[in-house]
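Chemist:
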Amino acid sequence: MKNLKKLIIITGPSGVGKGTVVKEILNKDNDIWLSISATTRKPRVGEKEGKNYYFLSEERFKDMIDKKEFLEWAQFAGNYYGTLLSTVNEKIEKGLIVLLEIEVEGAKQIKEKFPEALSIFLLPPSNEELEKRIRNRGTENEEAINERLSRAKYEIASSYKFDFVLTNYDVDETVKGVFKIIKS
Ligand code: 5GP
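Counting in this note's numbering, the sequence shown tops out at residue 607, every number present.
(1) Go to Phe493, then tell me how far its beta strand (DSSP E) extends in each direction, as first and last residue.
(2) Would you be able to state if there are at least three C-beta pairs under 8 Å between the segment 561-568 and the segment 517-535?
(3) What is the rounded straight-line gap between the Cα of Pro548 and the Cα of Glu492?
(4) Sorry if obvious, but does the Cβ on Pro436 come closer than 8 Å to a heavy atom of the ligand 5GP?
(5) By how many angstroms is the C-alpha of Ser542 removed from the C-alpha of Asp486?
(6) Just tell me which of Lys534, Ile568 and Glu539 has its CA closest to the CA of Asn550.
(7) For Pro436, count the other beta carbons within 10 Å of its own beta carbon; 16 or more makes it buried, fewer makes it exposed. Which is it?
(8) Per the contact definition of three or more C-beta pairs closer than 8 Å, is the segment 437-452 in contact with the segment 504-511?
(9) Where does Phe585 sit, in a helix, a strand or coil, going by DSSP?
(10) Can you list, in chain order, the stretches of the alpha helix (DSSP H) that have 4 or more residues and sit fully within the segment 494-536?
(11) Below 8 Å, is the gap between the Cβ of Ala461 and the nearest heavy atom of the ligand 5GP?
(12) What's the gap between the Cα of Leu494 and the Cα of Leu508?
(13) Mark Glu539 as exposed unless 16 or more other C-beta atoms lie within 10 angstroms of its C-beta, in which case mark it buried.
(14) Please classify Thr590: does DSSP put it in a helix, a strand, or coil?
(15) Between Glu481 and the ligand 5GP, is there a pair consisting of the residue's CB and a ligand heavy atom that are separated by less than 8 Å?
(16) Does DSSP put Ala461 in a helix, a strand or coil?
(17) So, Leu546 versus Leu589, is the Cβ gap smaller than 9 Å?
(18) Which two residues bound the contiguous beta strand (DSSP E) that contains Ser542?
(19) Mapping the DSSP letters down to three states, classify Glu434 as helix, strand or coil.
Here you go:
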């Protein structure tokens, strides 16, 4: 893999607003390409194959792990999630900046393997606000909400391992902060 300075990782706990921030970044800059991950999670209402994720069976996902087809992968809330190595390589070779929106374990794996990749950790304004955001999203049942919240505490404790930490009080301000980091 070449030029890992062109790889930007946005990470942070579920519910912190990574998706909204990333959507705004993509709206503002056509030279940034978002990597579409593979997952074994079932599609949510409105999610589309190849747009939100590549939805795979666990068997297929594990086969791809064996064949080393992922740049990183992790288990999250009972499902597998992974970044496809081939497409990331292809986009970087085309000169695009590649953005990964991934959970914390996978982000740590990439930072360990490729320290030159740029990593940004998004923090929630408070634990209460994080819980409110996950509940308002209305996509998870109570068990999944609690699992995501307890994992969030553990994830936030490792925020210091990343290059930059931004508190996501306001999407516009956070997006400005991300661009400042990318352009610097
Ligand atoms: P969700 O199920 O809410 O779409 O995603 C759950 C978590 O998995 C989110 O924190 C999301 O950023 C993360 N995620 C999505 N794709 C990947 C991936 O390819 N690798 C890793 N490690 N995490 C991912």
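By construction, the Cβ of each residue, glycine as well, lies at the ideal position given by its N, Cα and C atoms.
Modeler: Straight from the coordinates:
(1) Run containing Phe493: Phe493 to Phe499, per the beta strand (DSSP E) assignment.
(2) no
(3) 36 Å
(4) yes
(5) 28 Å
(6) Ile568
(7) With 16 or more Cβ atoms within 10 Å of its Cβ, Pro436 is classed as buried.
(8) no
(9) coil
(10) Note on the segment 494-536: whole alpha helix (DSSP H) runs with a minimum of 4 residues are 508-516 and 527-536, in chain order.
(11) yes
(12) 5 Å
(13) Glu539 comes out exposed.
(14) In the structure shown, Thr590 adopts extended strand secondary structure according to DSSP, grouped into three states.
(15) no
(16) strand
(17) Yes, these two residues count as a Cβ contact at 9 Å.
(18) Start and end: Leu541 to Leu546.
(19) It is Thr, not Glu, that sits at residue 434 in the sequence shown. Here Thr434 sits in strand by DSSP.
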